[in-house]
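Student: Residue numbers (our numbering), protein chains in the order written: chain G, 73 to 392; chain D, 73 to 392; chain S, 73 to 392; chain L, 73 to 392.
Quick reminder that beta carbons are idealized off the backbone N, C-alpha and C, glycines included.
To start, I am sharing the structure in question, which I have written as structure tokens.
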């Protein structure tokens with residue numbers, strides 16, 4: 073392999089500024105810009121019993137920004153610093169839920185600037201619990217991260233909520249067998265294995281769900297995902313995953329579809345025979361890489377067709 | 073904020089197994105599965121002068137896997153372990169380039185199993201340089217990561233190559249002014265600032281480029297990106313980014329479009345006045361978060377329309 | 073700055089193999105080796121109600137390994153792979169507590185090999201909670217990591233336990249004023265700020281505490297640290313930290329000393345005045361870097377002198 | 073395992089504020105505090121050809137800070153914010169080398185405040201290379217990090233320099249055999265394996281080396297470490313490590329001792345026999361965890377005794 077150096081190659085081809093014939097005029101395509109990862113902590117202290125909301129907010133605008141790209145003309149570039157300031161200023165009136173906060177931001181930017189036709193606003197939320205029911209002392213619960221995305225395109229608001237990195241494990245109740253065997257297959261079948269994963273899910277709300285109780289739905293979806301994982305006797309991680317998504321949709325008509333991405337966190341039974349010991353499902357090596365990766369959308373059929381909106385998901389980082 | 077506990081909520085709604093009326097039958101949508109992050113090091117040792125190829129390979133299959141999800145029937149589930157074994161077995165015959173290696177994998181899986189209709193294969197490549205021109209001693213060059221994705225859909229092979237986390241900085245030659253000011257704008261205009269970013273780019277090859285010299289093109293694209301960053305007097309990071317993409321397309325007709333994602337790694341001039349010192353562009357605080365994030369596609373116009381293929385990009389993690 | 077290249081400098085000085093006069097004979101000093109980060113998951117399944125212990129174990133041996141260094145003679149080098157195997161084999165008989173598990177490992181290695189005179193064994197423990205009180209389904213509690221170190225030197229066993237990355241925050245009840253001001257001081261005094269930190273603590277047990285109930289003490293120390301953080305009205309993070317350590321020692325005579333390392337996770341009140349808004353302690357920017365770092369030992373006075381054992385702490389990574 | 077909850081345990085033991093009889097009076101032991109990770113970028117722009125120095129600086133003070141801990145009295149607490157300001161102000165006059173910059177900081181703090189008797193100042197340095205020999209455009213070389221620590225104790229300045237995470241690999245020229253075999257040994261002997269590691273080294277300068285050319289010595293040590301790794305035919309990683317340290321000391325009388333910490337980055341030969349393929353040292357799986365970890369000090373003998381200063385190393389994070 074030729075290794076990289078800092079010396080760059082000057083291409084001996086078409087001069088800059090003039091496109092080659094037959095290769096198509098070079099144009100600006102999709103674009104967005106904004107301020108990423110504004111770490112925002114909001115304390116509500118109306119009474120002696122404080123509450124805390126802890127977010128990581130990203131604001132990105134869509135619209136007519138062509139001249140900034142082609143000419144360096146910033147007359148329409150709402151500075152990313154301005155977007156950040158707006159996030160903090162809007163927090164003065166409270167958060168409520170990540171989704172509601174993003175809806176306020178999206179409305180502001182699309183209504184304040186003619187040329188801003190849409191955008192993508194994202195938030196992560198981190199959880200805190202009271203220490204001993206204290207009024208103003210908290211410990212962070214790091215077991216998961218809540219996520220929210222608002223995408224505004226062509227005047228329509230699309231809301232995608234999610235949960236991330238919720239790590240779960242079953243010490244039994246998981247099998248894997250009956251898979252095809254070819255020249256490259258060495259895996260043994262098993263009727264009892266550890267099943268472990270980090271749950272990452274994203275669910276899209278129906279378009280009319282902009283006033284839903286997003287906090288309550290989050291808590292409910294989280295509970296259903298945990299329940300379905302725990303209760304499903306698993307013949308394949310795919311089966312467990314599908315049950316998790318299906319039960320969410322069954323319980324929540326305001327959710328149109330849900331995507332799950334589940335690594336198979338392999339726990340390999342250690343062979344203790346060389347040491348004269350048995351190992352009846354007791355001692356495991358928890359591996360890092362490689363890992364299985366199982367991903368699917370669970371959605372609704374509407375008029376015989378999928379209700380999934382691929383164009384929206386194309387805007388949700390990391391999910392297809 | 074109600075904080076999460078491990079107690080899950082049992083939803084008081086529709087019983088499992090039966091979809092609610094009016095909410096659409098629940099079905100399986102897009103799905104894929106496979107083995108992620110197979111760390112593969114290939115030593116070529118035909119002569120005393122060894123060479124090294126260092127990859128991180130992910131294989132994911134698309135096809136008819138519905139019964140695994142709905143019934144736990146694994147009869148079509150080519151085990152992720154089998155996919156991993158295949159990666160290592162195929163490496164015995166050499167790598168060549170990440171793209172060529174992925175093409176071999178994709179051909180194998182889609183031709184070997186009727187129900188595998190496509191898939192997504194990805195690789196990261198890490199670079200090594202010889203120590204003092206030694207025959208078999210190397211030091212890793214960590215300045216960047218090379219990436220490659222092969223997407224096979226409906227019989228068509230789509231190849232997207234990329235570069236990741238190439239960190240660059242200009243200590244002058246960057247301005248930012250002329251942006252709109254509103255109630256939330258506090259940023260001062262500047263005619264001289266540090267411009268710094270971590271270049272992440274993905275470029276899609278034309279469909280007939282499956283036999284291109286991917287290693288040579290990678291080296292060329294890398295060089296052009298560096299050159300364009302260095303040479304462009306920047307009025308906006310958008311302008312620099314567009315130049316980077318445009319010059320790549322001008323030099324490489326085999327590249328149909330390129331996407332760039334550039335954080336603005338802020339370097340804030342420190343106010344030394346309180347200490348009786350001036351600071352003429354010499355002392356900077358390098359900030360972590362928040363950061364600007366500037367993203368765009370540079371593409372070709374074909375018959376008056378964009379040549380970008382959104383459906384493909386929807387399958388490339390992290391790029392829309 | 074001259075930048076590094078892979079070309080190395082051949083030093084134009086003393087030839088290899090012969091030490092320069094006046095610079096002292098070159099010898100091997102302190103050394104240790106072993107296997108790091110053996111990820112071990114132990115399921116106890118005597119009944120239908122399983123329990124889980126999740127550890128990351130590192131084993132390192134001290135002793136006479138000079139010839140391996142000077143001659144490549146491995147006749148005394150208990151392979152790191154063997155150390156790993158021993159960890160997994162010993163887990164077959166259960167863990168109990170990280171400290172008890174490390175004591176078994178240390179005893180084995182020092183008694184099995186004449187030339188192994190001591191060593192350092194470490195473990196991290198990760199916590200899991202039952203999902204809905206399920207018998208074999210768990211969700212990981214990531215809010216903290218428990219740590220344990222066993223150091224055997226000159227026949228004495230030293231046990232140091234710890235907690236790591238327990239993130240806490242008080243939204244009021246913290247002041248900072250009265251600090252000295254010099255030419256470089258710009259910080260304003262405050263009588264109400266957010267106080268937030270990630271608690272990392274290590275406590276050393278008295279030498280005779282090898283049969284203590286380490287799990288119960290861990291739970292107690294954790295509770296005291298949280299309580300002291302919550303209850304102390306803070307005039308300085310130093311004061312809060314000292315209270316945390318002091319209250320642990322007061323409650324636990326079997327603990328000889330405790331070290332705390334507390335970053336000051338700065339939460340800066342955002343100036344909303346430019347936007348026509350007040351900000352009475354409600355909206356904060358949570359900063360990443362730089363951060364304050366406050367560290368101390370709280371220990372016992374014995375016969376008028378410190379009871380801290382610096383030589384032991386020199387072997388505990390990251391604590392001095 | 074009893075899992076943690078946020079409810080803390082109120083210890084049913086000694087009341088706070090009063091030490092238990094027989095357990096020793098509780099006192100404050102070693103302590104230090106300051107500002108960590110001040111990210112500092114210094115551009116030198118005296119001419120059109122700029123240069124860049126990129127540091128991460130931590131300042132921590134030692135001295136009489138007892139009343140801050142016991143009473144919350146901040147009258148001697150030089151604010152960590154003031155320490156940060158001082159770092160940036162001092163950078164106005166240039167960096168030179170990390171060691172020289174830290175020496176200036178240490179002198180300032182110990183001379184400016186009577187009660188500051190010493191401290192620990194640390195820096196990481198990151199490297200940049202010119203893009204195509206450009207005057208003000210740079211790409212970061214991430215292949216390693218340079219480190220420096222200044223410890224001032226009892227009026228003496230101790231300087232420890234280092235290199236971190238320099239990843240190297242030999243594709244042959246490494247053996248491992250002749251190790252003892254016990255009940256837990258399963259590892260096969262080998263006469264040809266991949267040897268790979270991430271070099272982390274720290275070297276302590278002799279006390280009179282405060283005016284040394286630290287940049288030149290760094291470049292030389294780096295070169296020697298690479299050369300020794302490449303040139304040593306390895307029978308054990310211990311042997312390679314010792315050669316690396318020994319050759320540094322031989323070439324540099326101003327270095328009193330050097331500590332190395334080398335993970336054994338395992339590359340396992342993949343068994344391709346099940347697939348009907350041989351694997352003559354060509355296809356490897358690069359593993360993450362667990363890994364071997366080999367650590368030693370190479371030092372000088374002075375008057376028949378070790379010249380290593382354990383008390384200093386106890387203050388260098390991560391090295392014992």
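Using DSSP's beta-bridge definition, name the partner residues of residue 357 of chain L.
Tutor: The residue you call residue 357 of chain L lines up with position 285 of the fourth chain. Answer by DSSP bridge pairing, in chain order: D:112 and L:340.
Student: As a quick exercise: from S:311, S:156, S:260 and S:126, pick the residue whose alpha carbon is nearest that of residue 193 of chain S.
Tutor: Numbered from its first residue, the third chain carries residue 193 of chain S at position 121. Of the listed residues, the one whose Cα sits closest to residue 193 of chain S is S:156.
Student: Considering residue 189 of chain L, what are the terminal residues of the beta strand (DSSP E) in which it resides?
Tutor: By 1-based counting over the fourth chain, the position of residue 189 of chain L is 117. 188-202 is the extent of the beta strand (DSSP E) around residue 189 of chain L.
Student: If we count the other Cβ atoms within 10 Å of its Cβ and call it buried at 16 or more, is residue 159 of chain D buried or exposed?
Tutor: By 1-based counting over the second chain, the position of residue 159 of chain D is 87. Its Cβ being crowded by 16 or more others within 10 Å, residue 159 of chain D is buried.
Student: State yes or no: is the C-beta of residue 124 of chain G within less than 9 Å of the C-beta of residue 130 of chain G?
Tutor: On the first chain, residue 124 of chain G is found 52 positions in, with the first residue counted as 1. On the first chain, residue 130 of chain G is found 58 positions in, with the first residue counted as 1. Against a cut-off of 9 Å, the Cβ pair of residue 130 of chain G and residue 124 of chain G comes out as no contact.
Student: Say yes only if the C-beta of residue 344 of chain L is nearer than 8 Å to one or more non-hydrogen atoms of the ligand NAD, and no if none qualify.
Tutor: With respect to the ligand NAD, the structure shown offers nothing to examine, as it has no ligands at all.
Student: Using a Cβ-Cβ cut-off of 8 Å (strictly less than) and excluding sequence neighbours within five positions of residue 356 of chain L, which residues of its own chain qualify?
Tutor: The sequence position of residue 356 of chain L within the fourth chain is 284, counting from 1. Here the set comprises 266, 339, 340, 341 and 342.
Student: I'd like the span of the beta strand (DSSP E) that includes residue 368 of chain G, first residue to last.
Tutor: Looking up residue 368 of chain G in the first chain gives position 296. Where residue 368 of chain G is concerned, the enclosing beta strand (DSSP E) stretches over 363-374.
Student: Determine, using beta carbons only, whether residue 117 of chain L comes closer than 9 Å to chain D.
Tutor: Your numbering for residue 117 of chain L matches position 45 in the fourth chain. For residue 117 of chain L, the answer is yes, since a Cβ of chain D falls inside 9 Å of its Cβ.
Student: Label residue 354 of chain L either buried or exposed according to how many other C-beta atoms from any shown protein chain fall within 10 Å of its C-beta, with 16 as the threshold for buried.
Tutor: By 1-based counting over the fourth chain, the position of residue 354 of chain L is 282. With 16 or more Cβ atoms within 10 Å of its Cβ, residue 354 of chain L is classed as buried.
Student: Could you say which of D:140, D:221 and D:329 lies nearest to residue 373 of chain D if we only look at CA atoms?
Tutor: Here residue 373 of chain D refers to the residue found at position 301 when the second chain is read from its first residue. Selected option, being the one with the closest Cα: D:329.
Student: Using a Cβ-Cβ cut-off of less than 7 Å, give me the residues of the stretch 218-240 of chain S that come near chain G, in sequence order.
Tutor: 238, 239 and 240
Student: Here's the rule: buried if 16 or more other CB atoms are within 10 angstroms of the residue's CB, otherwise exposed. What is residue 111 of chain S?
Tutor: Counting from 1 along the third chain, the entry for residue 111 of chain S is found at position 39. Counting Cβ neighbours within 10 Å, residue 111 of chain S comes out buried, since at least 16 surround it.
Student: Applying the 10 Å Cβ sphere with the 16-neighbour rule, what's the burial state of residue 283 of chain L?
Tutor: Numbered from its first residue, the fourth chain carries residue 283 of chain L at position 211. Result: exposed.
Student: Helix or strand or just coil, what does DSSP make of residue 256 of chain L?
Tutor: By one-based count along the fourth chain, residue 256 of chain L stands at place 184. Residue 256 of chain L falls in the coil class under three-state DSSP.
Student: Residue 258 of chain S touches chain D at which residues, Cβ-Cβ below 8 Å?
Tutor: As a first step, residue 258 of chain S is located in the third chain; it is residue number 186 there, counting from the start. Within 8 Å Cβ-Cβ: 346.
Student: Counting Cβ pairs, one atom from each stretch, are 3 or more of them under 8 Å apart for the stretch 206-217 of chain G and the stretch 205-216 of chain S?
Tutor: When Cβ pairs closer than 8 Å are counted between the two stretches, the stretch 206-217 of chain G is seen to touch the stretch 205-216 of chain S, the count reaching three or more.
Student: Over what stretch of residues does the alpha helix (DSSP H) that includes residue 164 of chain D continue unbroken?
Tutor: Looking up residue 164 of chain D in the second chain gives position 92. For residue 164 of chain D, no alpha helix (DSSP H) run applies, since DSSP gives it neither H nor E.
Student: With 9 Å as the C-beta to C-beta threshold (strictly closer), list the residues of the stretch 99-113 of chain S near chain L in chain order.
Tutor: 99, 100, 101, 102, 103, 104, 105, 106, 107, 108, 109, 110 and 111
Student: Output the distance between the C-alpha atoms of residue 345 of chain S and residue 166 of chain G, rounded to the nearest integer angstrom.
Tutor: Within the third chain, the letter at position 273 stands for residue 345 of chain S. Within the first chain, the letter at position 94 stands for residue 166 of chain G. Going from the Cα of residue 345 of chain S to the Cα of residue 166 of chain G covers about 17 Å.
Student: Just mark residue 126 of chain S as buried or exposed, buried being the case when its beta carbon has 16 or more other beta carbons within 10 Å.
Tutor: Stepping through the third chain from its first residue, residue 126 of chain S is reached at position 54. Counting Cβ neighbours within 10 Å, residue 126 of chain S comes out buried, since at least 16 surround it.
Student: For the beta strand (DSSP E) holding residue 150 of chain D, just list the boundary residues, first then last.
Tutor: Taking the second chain and counting its residues from 1, the one referred to as residue 150 of chain D is at position 78. Careful: residue 150 of chain D lies outside any beta strand (DSSP E) and carries neither H nor E.
Student: Note down, in chain order, every chain G residue with its Cβ under 7 Å from the Cβ of residue 354 of chain D.
Tutor: As a working mapping, residue 354 of chain D is identified with position 282 in the second chain. Within 7 Å Cβ-Cβ: nothing; residue 354 of chain D doesn't reach chain G, min ~22 Å.
Student: Select from S:205, S:203, S:144 and S:222 the residue whose C-alpha is nearest the C-alpha of residue 182 of chain S.
Tutor: Position 110 of the third chain holds residue 182 of chain S. The residue with the shortest Cα to Cα distance from residue 182 of chain S is S:222.
Student: Which residue's Cα is closest to the Cα of residue 305 of chain L: L:245, L:269 and L:379?
Tutor: If you number the fourth chain from 1, residue 305 of chain L lands on position 233. Per the Cα distances, L:245.
Student: For residue 383 of chain L, which three-state DSSP category applies?
Tutor: Indexing the fourth chain from 1 puts residue 383 of chain L at position 311. Three-state DSSP puts residue 383 of chain L in a helix.
Student: Applying a beta-carbon distance threshold of less than 7 Å, which residues of chain D neighbour residue 156 of chain G?
Tutor: Here residue 156 of chain G refers to the residue found at position 84 when the first chain is read from its first residue. Against chain D, the beta carbon of residue 156 of chain G has neighbours under 7 Å at 362, listed in chain order.
Student: What residue does the beta strand (DSSP E) around residue 209 of chain L start on, and which one ends it?
Tutor: Residue numbering aside, residue 209 of chain L sits at position 137 when the fourth chain is read from its first letter. Residues 209-225.
Student: For residue 153 of chain D, I'd like the list of residues in its chain whose CB is within less than 8 Å of its CB, leaving aside the five on either flank, ordered along the chain.
Tutor: As a first step, residue 153 of chain D must be located in the second chain, where it is residue number 81. Here the set comprises 107.
Student: By the DSSP assignment, the alpha helix (DSSP H) with residue 180 of chain L in it spans what residues?
Tutor: Taking the first residue of the fourth chain as 1, we reach residue 180 of chain L at position 108. Segment 170-184, the alpha helix (DSSP H) holding residue 180 of chain L.
Student: Residues in the stretch 178-209 of chain S with C-beta within 8 Å of chain G's C-beta atoms, listed in sequence order?
Tutor: 200, 203, 204, 206, 208 and 209
Student: If the cut is a Cβ gap below 9 Å, which residues of chain G does residue 255 of chain L touch?
Tutor: Within the fourth chain, the letter at position 183 stands for residue 255 of chain L. Those within 9 Å of residue 255 of chain L in chain G are 346, 347 and 348.
Student: Any contact between the stretch 253-261 of chain L and the stretch 316-329 of chain L? By contact I mean 3 or more CB pairs, one from each, below 8 Å.
Tutor: no
Student: Spatial neighbours of residue 188 of chain L within its chain, please: C-beta separation below 8 Å, excluding the five flanking residues on both sides.
Tutor: Along the fourth chain, read from residue 1 onward, the residue named residue 188 of chain L stands at position 116. 133, 134, 135, 150, 181 and 182.
Student: Measuring alpha carbon to alpha carbon, tell me which of S:307, S:101, S:145 and S:169 ends up nearest residue 199 of chain S.
Tutor: Numbered from 1 along the third chain, position 127 holds the residue referred to as residue 199 of chain S. The option with the nearest alpha carbon to residue 199 of chain S is S:169.
Student: What three-state label does DSSP hand residue 330 of chain S in the structure shown?
Tutor: What you label residue 330 of chain S is simply residue 258 of the third chain in a count that begins at 1. Three-state DSSP puts residue 330 of chain S in a strand.
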